[in-house]
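In UniProt numbering, the protein residues as written are 1 to 701.
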């Protein structure tokens, strides 16, 4: 009697990966999703008989063992206590077709498949199978019902990250590239590195928390080293990335942190990692996000007497924008009502349980004020709900004294944004994080949150507490709406001309009063350049005026900055800077005080991309990039960064200096290697401008 032996295995890759929505992965091995059947064709040395013993063995980890649950031995038609099962679909001579269904809560990772027949063990070539989370499977806790949403949040490998300021939001195209070569392997390496137990790998909450820690390099030699210093000499400036692929490929190759990232880079990479592992994920940008409020829900801003913001005194800050991620799952570890989107953040800001990690925090918990729920919900709540308090620092008898000149209760956590499903536009999701300002639900949510977070009294939080001059009592009751002034004083800050580098910056402060009577208003205004983290880089100029308003009226006060005042700073910094205008108004007759600040971004001429709308697979086409320098200044050391997933690897072209009025034209030859709609992302960087980006789509047939 010849003993039964396996002579070959066909993993039926193209059929399985189409069924499992994994045909995009650029990898030799079979990639499947848990809880869903896949087929394996086994070839034998003779026909399979009823008495024969045949089993498939799936092992995960270094040293798979049955008693640890890391080795599964499955026989056809035998339900296994692990929730995995195999059935014999059909026998055809020496061939048999088997269907394998993994458990919908199986640990994700790499499984080694061996086939045992009698006493023989067959080890196939490329026998490592990658098992991912499955948003298409109703029993998987990452299940997402809507098909268009899965297409966006799991399968889309390009997108936008929203940056800028609340006054001028713009989109940065980003290549997530979760299907590119070595990206899945890099994610598997991170899973192994996370030291998550096999049991923890079943749950996307544990996996996403671990990934939020590993995407930054702070505790564990993770993917990206954060750097906000403005000096990126021995690495890549955060502004120079246009996608996650190069970062993850370099990390996987060297196993060393890649230099350097800032929040949108961390969020872009974490989005790639989560989508790659099969968890629906989106990048979320919050404008005017509070940082380091020490959970007292307050950010103090210190101004000098000229109305200029001071860096030195604040521990906490308001970032013009901050980007994190939402991942979609049921939270089996929490009471009912907190399923759906969960915030995770890999930008290293604060330690949580001893590591730089953040989340998953249920977005619904932020909205309802249930800030005691894991993980890090107090921190996320404060980022989108803190108050901003303005203090003017004056010298009195040689000592610094602080005077409160305004509180904004609705200024933090605005325009929360993500890319819309299936469309290239911004979707505002503030309503998912917060109830409408001033609504009854908002007040209840806030009172609930305040019962878990102890906001301190309204005193400045720097080291000079003994010299405080507070106006009125020391502690304030919960303020739920903007303070109403006796005169209905309002401030608005606008730009009156486009803010082009090399031109004068022409802005204006509008002072409005709604009460009848004659009013004298002292107005102080300042203009500064600041990083997106709120750190001031340069003081550009100030104004001080006293104006008279009669009855309900308004007046526009111009604020103009000459190019010489800012161009030198603009050319010397490595980061993109924003224009910060701060205004303080004081009504003499009533002592009403109000402070307002607005950040604006510089505006740049566009790059245009010229290429056909369609191209054939493996047929070359030409893609041209055209840029006309419409600015009044020469753009020095121009670099063009180009990447098209499935079309063109990330490449940098040095363009030298582009004089005013000159046209730059660059061409590349592209060879498409993948079907479907593909995008080319392009970015131009110079000393004076830190990133004009655009993208264009092409359909490959």
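Ideal Cβ positions, reconstructed from N, Cα and C, are used throughout, including at glycine.
- Taking C-beta atoms as the reference points, residue 327 and residue 266 fail to come closer than 7 Å.
- Scanning its chain for C-beta atoms nearer than 8 Å, with the 5 sequence neighbours on each side dropped, one finds around residue 430 the residues 413, 414, 415 and 416, in chain order.
- In this structure residue 78 is exposed. Its beta-carbon is surrounded by fewer than 16 other beta-carbon atoms within 10 angstroms.
- Boundaries for residue 331: no beta strand (DSSP E) harbours it, and the DSSP string shows neither H nor E there.
- In the DSSP assignment, the residues bridged to residue 680 are 644 and 696.
- With contacts defined as CB atoms closer than 7 Å, residue 376 and residue 358 qualify as a contacting pair.
- Per the coordinates, the alpha-carbon of residue 286 lies some 9 Å from the alpha-carbon of residue 166.
- The alpha-carbon separation between residue 119 and residue 3 amounts to approximately 8 Å.
- Here the alpha carbons of residue 220 and residue 302 stand approximately 36 Å from one another.
- The beta carbon of residue 233 sits closer than 8 Å to no other beta carbon from its chain once the five residues preceding and following it are set aside.
- In this structure residue 561 is buried. Its beta-carbon is surrounded by 16 or more other beta-carbon atoms within 10 angstroms.
- Per DSSP, reduced to three states, the secondary structure at residue 317 is strand.
- Looking at the DSSP output, residue 431 sits in no beta bridge, so it has no partner there.
- By the CB criterion at 7 Å, residue 32 and residue 21 fall outside the cutoff.
- For the pair of segments examined, the stretch 581-600 was found to touch the stretch 520-539: the number of CB pairs separated by less than 8 Å reaches three.
- In this structure, the alpha-carbon of residue 26 lies about 49 Å from that of residue 409.
- Beta bridge pairing from DSSP links residue 111 with 60 and 129.
- Contact between residue 306 and residue 369 does not hold, since the beta-carbon distance rounds to 39 Å and is not under 8 Å.
- Here the C-alpha atom of residue 606 lies approximately 18 Å from the C-alpha atom of residue 653.
- Inclusion of residue 284 and residue 324 in the CB contact set at 7 Å is warranted, their separation being smaller than that value.
- In terms of CA proximity to residue 622, 666 leads the group 666, 535 and 187.
- Here residue 95 has 41, 42, 43 and 44 as same chain residues with Cβ atoms under 8 Å from its own Cβ, once five neighbours each way along the sequence are excluded.
- Contact fails between the stretch 152-162 and the stretch 339-353, because fewer than three Cβ pairs, one in each stretch, are under 8 Å apart.
- Between residue 211 and residue 110, the gap from beta carbon to beta carbon reaches 7 Å or more.
- For the 7 Å CB-CB criterion, residue 672 and residue 629 do not form a contact.
- The shortest C-alpha to C-alpha distance from residue 601 to any of 133, 123 and 168 is the one to 168.
- Measuring C-alpha to C-alpha distances from residue 315 to each of 304, 300, 329 and 309 identifies 300 as the nearest.
- The beta-carbon separation of residue 531 and residue 575, rounded to 6 Å, stays under the 8 Å limit for a contact.
- With a contact defined as Cβ atoms closer than 8 Å, residue 552 and residue 514 qualify at about 5 Å.
- Taking a C-beta distance under 7 Å as the contact criterion, residue 646 and residue 678 qualify as a contact pair.
- Judged by pairs of C-beta atoms under 8 Å, the stretch 256-274 touches the stretch 171-181, as three or more such pairs exist.
- In the DSSP assignment, residue 247 falls outside any beta strand (DSSP E) and lies within the alpha helix (DSSP H) extending over 245-254.
- In the three-state reduction of the DSSP assignment, residue 533 falls in the coil class, being assigned neither a helical nor a strand state.
- Residue ranges of uninterrupted beta strand (DSSP E) with 3 or more members, entirely inside the stretch 207-293 and ordered along the chain, are 224-226, 258-261 and 281-291.
- Sequence-distant Cβ neighbours of residue 198 in its own chain, meaning closer than 8 Å and more than five residues away, are 60, 61, 68, 69, 70 and 107.
- Taking C-beta atoms as the reference points, residue 386 and residue 298 count as a pair closer than 7 Å.
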